[in-house]
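Residue numbers (this note's numbering): 67 to 472.
Report on the structure given below.
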């Protein structure tokens with residue numbers, strides 16, 4: 067069986083497995099020819115030599131930042147280091163000298179040294195005693211390059227903003243038993259927002275944030291931190307169990323929890339058809355009624371309508387502001403919407419939207435004020451990512467709220 071798998075693996079050089087292993091990567095037991103390197107807790111790099119899986123003998127390079135594919139391998143230092151070492155290895159065979167080349171090279175070197183000796187002018191005689199004479203230019207055999215400087219930041223270490231709390235429109239209901247005999251707490255939908263901390267009580271419920279009184283708001287005053295919609299609102303298709311995310315993708319490609327890469331097509335995916343895979347969105351905001359810079363409050367949803375609303379709002383605002391989103395005072399709203407289910411039953415759902423409460427002139431004024439701050443911030447630091455590894459409590463919460471037992 068192992069021999070059959072190896073037929074689909076080609077290495078451009080027999081020493082490539084040893085080279086990539088020396089760089090700290092390991093080969094997948096389930097998928098021979100696929101090598102993985104853990105960059106950080108939420109970032110992994112891959113080199114794929116499996117020809118039948120889209121790889122190549124030199125190794126197809128790519129990476130994932132949590133669950134977002136990094137297409138440009140040159141932006142990943144470890145992959146770039148592998149490429150340079152690989153190319154040097156592949157070129158070494160081409161550059162190996164033959165016996166004639168060695169002899170000819172030796173003669174040329176002796177001739178060059180003799181010419182240098184004959185053509186070098188006499189050193190000046192008026193150099194004061196004790197002063198070093200001017201150094202002759204270094205030849206290729208001299209190595210006067212200073213040692214490389216060590217940076218002042220850990221390479222591959224991804225900045226992540228702290229999650230200060232969560233914005234919820236639901237909670238866990240009373241304990242019951244599913245049709246399959248599983249004991250669980252079905253989710254309850256609310257018609258208002260609830261702000262909670264990242265702590266849970268003895269019952270497994272999120273502890274309410276004492277900075278926000280329990281007045282059941284349907285509007286929240288917020289600002290966004292970034293101009294790129296994808297950095298404010300992370301979206302993906304994802305399938306969860308109580309063990310964590312088992313598969314996630316962007317609608318074209320997906321990766322499983324075993325690092326298997328496959329086509330992501332919701333219309334053909336059995337997990338999606340069975341509602342085991344759903345669209346996911348995580349919105350990160352600053353709450354203006356309790357402004358705390360250095361962290362974000364996160365709102366998570368699997369509602370198609372809400373995901374579409376939030377993305378559409380950001381694109382519209384970008385169009386009106388010339389691309390600016392960060393720092394503009396916005397309102398996060400929760401409102402009812404009448405819709406029909408697949409079976410034709412009319413029902414009311416509650417959807418979230420982002421709005422600017424004001425006229426075009428007022429938006430223009432707010433944009434100029436935000437643009438001034440945005441210009442001062444440019445180039446100071448790389449944009450921190452908001453996507454981090456999920457804790458056990460978060461995985462349990464996502465599974466219970468959005469993927470309940472039936």
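In this text, a Cβ means the ideal position worked out from N, Cα and C, and glycines have one as well.
Check	Outcome
Same chain, Cβ closer than 8 Å to residue 74, five either side skipped, listed in chain order	99, 116, 117, 118 and 119
Touching by the beta-carbon criterion (3+ pairs, under 8 Å), the segment 284-303 and the segment 368-381	yes
Cβ separation of residue 368 and residue 344, assumed to be a contact under 8 Å, to the nearest whole Å	4 Å
Start-end ranges of the alpha helix (DSSP H) lying completely within the segment 363-441, minimum 4 residues	370-387
At least 3 beta-carbon pairs within less than 8 Å: the segment 329-339 vs the segment 298-312	yes
Stretch-stretch touch, CB-based, cutoff 8 Å, three pairs: the segment 284-292 with the segment 399-416	yes
Beta-carbon proximity check, residue 152 vs residue 227, cutoff 9 Å	no
Where residue 253 sits in the DSSP three-state scheme	strand
Cβ-based neighbour list, residue 81, same chain, cut-off 8 Å, excluding 5 preceding and 5 following	155
Buried or exposed by the 16-neighbour rule on C-beta atoms within 10 Å, applied to residue 273	exposed
CB of residue 238 within 9 Å of CB of residue 261, strictly	no
Beta-carbon proximity list for residue 265, same chain, < 8 Å, skipping 5 on both sides	272 and 273
Range covered by the alpha helix (DSSP H) that runs through residue 88	82-88
Straight-line Cα distance separating residue 320 from residue 245	31 Å
Same chain, Cβ closer than 7 Å to residue 253, neighbours up to 5 away in sequence not counted	236, 238, 239, 466, 467 and 470
Cα-Cα separation between residue 553 and residue 386, rounded to whole angstroms	Since the first and last residues shown for the chain are 67 and 472, residue 553 lies out of range.
For residue 313: DSSP bridge partner residues	305 and 322
Cβ-Cβ distance between residue 427 and residue 135 below 9 Å	no
4-residue-minimum alpha helix (DSSP H) runs that sit fully inside the segment 92-146, ordered along the chain	none
Local Cβ density within 10 Å of residue 438, reported as buried at 16 or more and exposed below that	exposed
Exposure of residue 490, with buried meaning 16 or more beta-carbon neighbours within 10 Å	Past the edges of the chain, shown from 67 to 472, lies residue 490, and the structure says nothing about it.
Pair within 9 Å by beta-carbon distance, residue 229 and residue 361	yes
Distance, residue 267 Cα to residue 133 Cα	29 Å
Coarse secondary structure for residue 333, derived from DSSP in three states	coil
Contacts around residue 417, its chain only, beta-carbon distance under 7 Å, and the 5 residues preceding and following it disregarded	369, 371, 372, 375, 401 and 403
For residue 346, the first and last residue of its enclosing beta strand (DSSP E)	343-353
Sequence-distant residues of the same chain with beta carbon closer than 7 Å to residue 77, five excluded per side	83, 115 and 123
Alpha-carbon to alpha-carbon, residue 113 and residue 149	10 Å
Nearest neighbour of residue 342, chosen from 310, 329 and 352 [CA to CA]	310
Whole-angstrom distance between residue 288 and residue 429, CA atom to CA atom	15 Å
Residue 298: first and last residue of the uninterrupted beta strand (DSSP E) it sits in	Run containing residue 298: none in the beta strand (DSSP E); it sits in the alpha helix (DSSP H), 295-298.
Same chain only: Cβ atoms within 6 Å of residue 461, ignoring 5 sequence neighbours per side	310
Opposing strand residues paired with residue 229 [DSSP bridges]	362
For residue 291 and residue 377, the rounded distance between their alpha carbons	15 Å
Residue 156 - DSSP class collapsed to helix/strand/coil	helix
Option in 352, 242, 322 and 107 with minimal Cα separation from residue 397	352
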